[in-house]
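Chemist: Dumping the structure here so I can ask a few things about it.
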């Protein structure tokens, strides 16, 4: 139809040009004729297709009238149902005119396909909803002057006394900090307030890249890199005057240390520990701060499996320094109460660390009881597969996720569709699956003996996870089915509420992962201080 009209218009214009070529043109009459034709082109279709105007807008009205509740089930009142049925009757009885229905249908199909793809991408890219924490409480000028008058040791002593006598917090449902996931939310909140008021960290400028001052931001060892990046960019806790510092940061990356010094397949970690030993000896010779406390007010952050081994060649570094490590194994020189267990987070996009972190399904859409897929290394995973691979329909336990399975349901979709996510240790005790399970609101089931869980000094892991001993793997399903539904629902809610404490925000926010790591280092430093009876 469009082509026919185009040919007619071109023929008329040619005929008009042929007749008017050698004649004088009256431009006023030509303009008047053009205006009449334009008006006719607008008015004629409305006269030909005389439909009530509200019929054209019925689809949007129908869509706008729907109402969906929080759990996804649709609830409609009788009046609303009758109204919608009347509208559908109007729509069905109205005549429809389409000049090219097949073309329009194809166009609508393409548009809907694009919209579906966009929705899919937005579900992946948006990540969890980040709720802004409340602002800090204002500190009176008098207290500020008093804190400035104290030496670093005196201010730490003041903070420890204040935390021990922390007032009970009225933690209602609207509070940003959710009390059930903490051991003692009053102590945690008061400790964070004092950390924000008092703590100053000095970062040693010594050391050359890439081992020092160059964060590794990608992959499963990215926690150490993101902490380094955010601390070095910080203007609140970092001080340029080491005399005012309460803590001293050794800014090296265990991952970069491995890439720079380790000889592949040599199985020799000695060069790495000697390199760090020499660096600490240089720091101790150049500055007075290490020898003053024998390294007890210094800390390092290392997420590589070999992080604890890099300290083995220096006795004071191994025994006195606060080690924030992912490999928090009590059988390998991890000292609970002094050292900090670091969560292992897998970062796929350093530019957007919250990307690919999606919300999980609601409980009614989680038909799988337990899920695990991963490489077979370490002592626990082969045992898990031996007892549960292809044994039960609701126990989806695999090695690497098979291609035929992933075509129907991806790894992330499995996590979102599972009540429990199995997090067994690999070569070392920690696993990025713990944090991944929290991201997708799946209750983590942790199987790793001697593992000190991340932020164990403040978080109550029993409230949002299940810890299973390695010897109890044959009874895994029995243990999970023995958990009452009411307790599972509470744990699943707690997983959602604790999620905000495991997020890497490009700009740090109160109580996020950066602040949680720094707080645990601060808290364990205070634990080392002895208060005299006088």
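Residue numbers (full-length UniProt numbering): 1 to 534.
Ideal Cβ positions, reconstructed from N, Cα and C, are used throughout, including at glycine.
This structure is a prediction, so every number in the text was calculated from the model and none was measured.
#1: Is it buried or exposed, residue 285, if we count other Cβ atoms within 10 angstroms and call 16 or more buried?
#2: Where does residue 322 fall in DSSP's three states?
#3: Would residue 146 be called buried (16 or more neighbouring beta carbons within 10 Å of its own) or exposed?
#4: Taking the alpha-carbon positions, what's the residue 349 to residue 38 distance?
#5: Since residue 535 sits in a beta bridge, which residues does DSSP pair it with?
#6: Under a three-way DSSP split, which group does residue 329 fall into?
#7: Do the stretch 439-448 and the stretch 158-168 meet, that is, are 3 or more Cβ pairs less than 8 Å apart?
#8: So for residue 33, helix, strand or coil by DSSP?
#9: Let me know the secondary structure DSSP gives residue 247 once reduced to three states.
#10: What residue range does the alpha helix (DSSP H) around residue 280 cover?
#11: Residue 176 and residue 134 look like a contact to me (Cβ under 8 Å); what is the Cβ gap, rounded to whole Å?
#12: Residue 372: buried (16+ other C-beta within 10 angstroms of its C-beta) or exposed?
#13: Just how far apart, CA to CA, sit residue 196 and residue 488?
#14: Taking the C-alpha atoms as reference points, what is the distance between residue 202 and residue 225?
#15: Straight-line CA distance for residue 346 to residue 354?
#16: Can you look up residue 357 in the DSSP assignment and give me helix, strand or coil?
#17: Is it buried or exposed, residue 70, if we count other Cβ atoms within 10 angstroms and call 16 or more buried?
#18: Taking the alpha carbon of residue 168 as the point to measure from, which residue in 339, 142, 185 has its own alpha carbon closest?
#19: Tell me the residue span of the beta strand (DSSP E) that contains residue 442.
#20: Contact between the stretch 470-478 and the stretch 370-390: three or more CB pairs below 8 Å?
#21: Hey, how far is the Cα of residue 216 from the Cα of residue 484?
#22: If we ignore side chains and look at the alpha-carbon of each, how far apart do residue 446 and residue 460 end up?
#23: Starting from the Cα of residue 328, find the closest Cα among 302, 315, 279 and give me that residue.
#24: When the Cα of residue 179 is compared with those of 517, 498, 508, which residue comes out closest?
#25: Which whole-angstrom value is the C-beta distance of residue 463 and residue 494, which I expect to be below 8 Å?
#26: At which residue ranges does the stretch 375-421 contain complete alpha helix (DSSP H) runs of 4 or more residues, listed in the order of the chain?
#27: Looking at residue 572: is its Cβ nearer than 9 Å to the Cβ of residue 412?
#28: Can you find at least 3 beta carbon pairs, one from the stretch 450-459 and one from the stretch 137-145, that sit closer than 8 Å?
#29: If you drop the 5 nearest sequence neighbours on each side, which residues of the same chain put their C-beta closer than 8 Å to that of residue 281?
#30: Roughly how many whole angstroms lie between the Cα atoms of residue 419 and residue 401?
#31: State the start and end residues of the unbroken alpha helix (DSSP H) segment that holds residue 493.
#32: Hey, how far is the Cα of residue 528 from the Cα of residue 299?
#33: Please state the DSSP three-state secondary structure of residue 515.
#34: Grab the span of the beta strand (DSSP E) containing residue 300 for me, first residue to last.
#35: Is residue 347 helix, strand or coil when you go by DSSP?
#36: Would you decide whether residue 278 is buried or exposed? Buried here means 16 or more other CB atoms lie within 10 Å of its CB.
Modeler: With the structure as the only source:
#1: exposed
#2: strand
#3: exposed
#4: 55 Å
#5: The chain is shown only over 1 to 534; residue 535 falls outside these bounds and no answer can be derived.
#6: strand
#7: no
#8: helix
#9: strand
#10: 270-286
#11: 6 Å
#12: buried
#13: 35 Å
#14: 17 Å
#15: 11 Å
#16: coil
#17: In this prediction, residue 70 scores a pLDDT of 34, lower than 50, which makes its location untrustworthy; no coordinate-derived value is stated.
#18: 185
#19: Premise fails: residue 442 is in no beta strand (DSSP E) and is neither H nor E.
#20: yes
#21: 42 Å
#22: 14 Å
#23: 302
#24: 498
#25: 5 Å
#26: 381-388, 403-408, 411-416
#27: Since the first residue shown for the chain is 1 and the last is 534, residue 572 is missing from the structure and cannot be characterised.
#28: no
#29: 314
#30: 18 Å
#31: 485-498
#32: 13 Å
#33: helix
#34: 298-302
#35: strand
#36: exposed
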